[in-house]
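Counting from 274, one number per residue, gives the positions in the sequence shown under this note's numbering.
The structure appears right after this line, and notes come after that.
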Amino acid sequence: MAESTSEFLFCKGRQGLQGTPKRQVGDVPVIRLGGTVLPPEVEKVLSRGPKYSVEAPITKHELLATAHSIADKVHAEERERCRQECVETVQSGYKKKDGTRMMRRIAGYMKESGHALMLADKDGSFVVMPQGLFGDKALAAVKKNFRISDVKPPKAKQKAVALLEDLKLDWIRREVKNNKVHALTVFFSAKSHKVDCPFRAIVTERGTWQATVSRYLQRQLTGLAPEDPYKIASSDRLVGLLQDSIPGANSGFSVDIEELFYSIPHEDLFKADLQDLIHISQAEITRLGLRFNCKKICSSPPRWHMYG
274 MAESTSEFLF
284 CKGRQGLQGT
294 PKRQVGDVPV
304 IRLGGTVLPP
314 EVEKVLSRGP
324 KYSVEAPITK
334 HELLATAHSI
344 ADKVHAEERE
354 RCRQECVETV
364 QSGYKKKDGT
374 RMMRRIAGYM
384 KESGHALMLA
394 DKDGSFVVMP
404 QGLFGDKALA
414 AVKKNFRISD
424 VKPPKAKQKA
434 VALLEDLKLD
444 WIRREVKNNK
454 VHALTVFFSA
464 KSHKVDCPFR
474 AIVTERGTWQ
484 ATVSRYLQRQ
494 LTGLAPEDPY
504 KIASSDRLVG
514 LLQDSIPGAN
524 SGFSVDIEEL
534 FYSIPHEDLF
544 KADLQDLIHI
554 SQAEITRLGL
564 RFNCKKICSS
574 PPRWHMYG
């Protein structure tokens, strides 16, 4: 009887570990393109979205912590026995829910059926489409956002390693030299809120040697306070400007910013004088350790740009 009571209290306490209630299936419907049809069991899992498709497992140390908290609520003379029985329940009867097997089945189905699975850009739902349609949309996004470049990534890396060696930045040089990824990578998300669901091309430097160099530069540049005439603290300033300039206007509009910082003319930027850009003295540049000449790394920078 006492053992059953302890197990009941333990199972009751486990329910409190679920901090956030699970979203109900169907809250975020799966977006199907190109006439894609999914089996009900696959759509049921995917309709929960990427965050709730698989239930987060409860680790054993969390269960053990619950055992102690439950034992603290019983009478002092029964506390140690209750704690031991809860621990034994965890050791003998606990089965960890493994969502990996389910995800493997879904991944296997996608591969066998020739479907591509990706994320929607705004609402975070899943988007499913035939592989051929995925290739067409990905190619369209690449053609829109990138230009062909004659830069050879391995040669650019060699120049970076040589420059780092000249600057005696040995720890950065070692990281750059040992990194096997020469170029930035691109992945896609689906703009499900737009007609025909075009792709957004997203560039990432994660895992590349460029990320090592950029982190170093970012640390040196954090001490600068450039005078940017176009910088605004918040969108409220823009709203105020529009209200003052166009009094009585009640209509709204959406600004679609296309050319981002990747579209800055590389050669002109490298030729620009750092002192003229940020209005600081040579002594301040020396103090901050800004001794990086980006032009030496890549005299012919990649001619590509990215749009939002």
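Idealized CB from N, CA, C, for every residue including glycine.
The Cβ atoms of F461 and A411 sit closer than 7 Å to each other. Proximity of the segment 437-453 to the segment 397-409 falls short of the contact definition, fewer than three beta-carbon pairs being nearer than 8 Å.
The residue among Q483, E351 and F407 with its C-alpha nearest the C-alpha of G308 is F407. Distance from the CA atom of Q357 to the CA atom of C470, rounded to whole angstroms, is 57 Å. Note on geometry: alpha-carbon atoms of F472 and A413 lie some 8 Å from one another. Rounded to whole angstroms, V360 and T373 show a C-alpha spacing of 26 Å. Residue nearest to Y325 within the set V301, E335 and L311 is V301 (criterion: CA-CA distance). Looking at the backbone, the Cα of L336 and that of T362 are separated by about 10 Å.
Spatial neighbours of I475 in its own chain (CB-CB distance under 8 Å, excluding positions within 5 residues in sequence) are listed in chain order as V459, F460, F461 and S462. A direct Cα-Cα distance of roughly 20 Å separates D423 from T477.
Per DSSP, the beta bridge partners of I304 are V400. Beyond the five residues adjoining it in sequence on each side, G397 comes within less than 8 Å, by CB distance, of V301, G322, P323 and K324 in the same chain, given in chain order. DSSP places L392 in the uninterrupted beta strand (DSSP E) bounded by H388 to L392. One Cα belongs to Y489, the other to L440, and the distance between them is close to 13 Å. Considering only K417, S465, E350 and T485, the residue with the shortest C-alpha distance to H455 is T485. Looking at the DSSP output, V459 shares a beta bridge with V476. The straight-line gap separating the alpha-carbon atoms of S342 and L319 is approximately 36 Å. With a cutoff of 7 Å on beta-carbon distance, V303 and E316 are scored as near each other. In this structure, A340 lies away from R352, with their beta-carbon atoms at least 7 Å apart. Under the DSSP assignment, E438 falls in the alpha helix (DSSP H) whose first and last residues are P426 to D439.
Within the model, the alpha-carbon separation for P427 versus T495 is close to 29 Å. Looking at the backbone, the Cα of G381 and that of Q431 are separated by about 41 Å. In this structure, DSSP gives D469 a state outside helix and strand, which the three-state scheme calls coil. Rounded to whole angstroms, D409 and V434 show a C-alpha spacing of 38 Å.
Here DSSP, grouped into helix, strand and coil, assigns G496 to coil.
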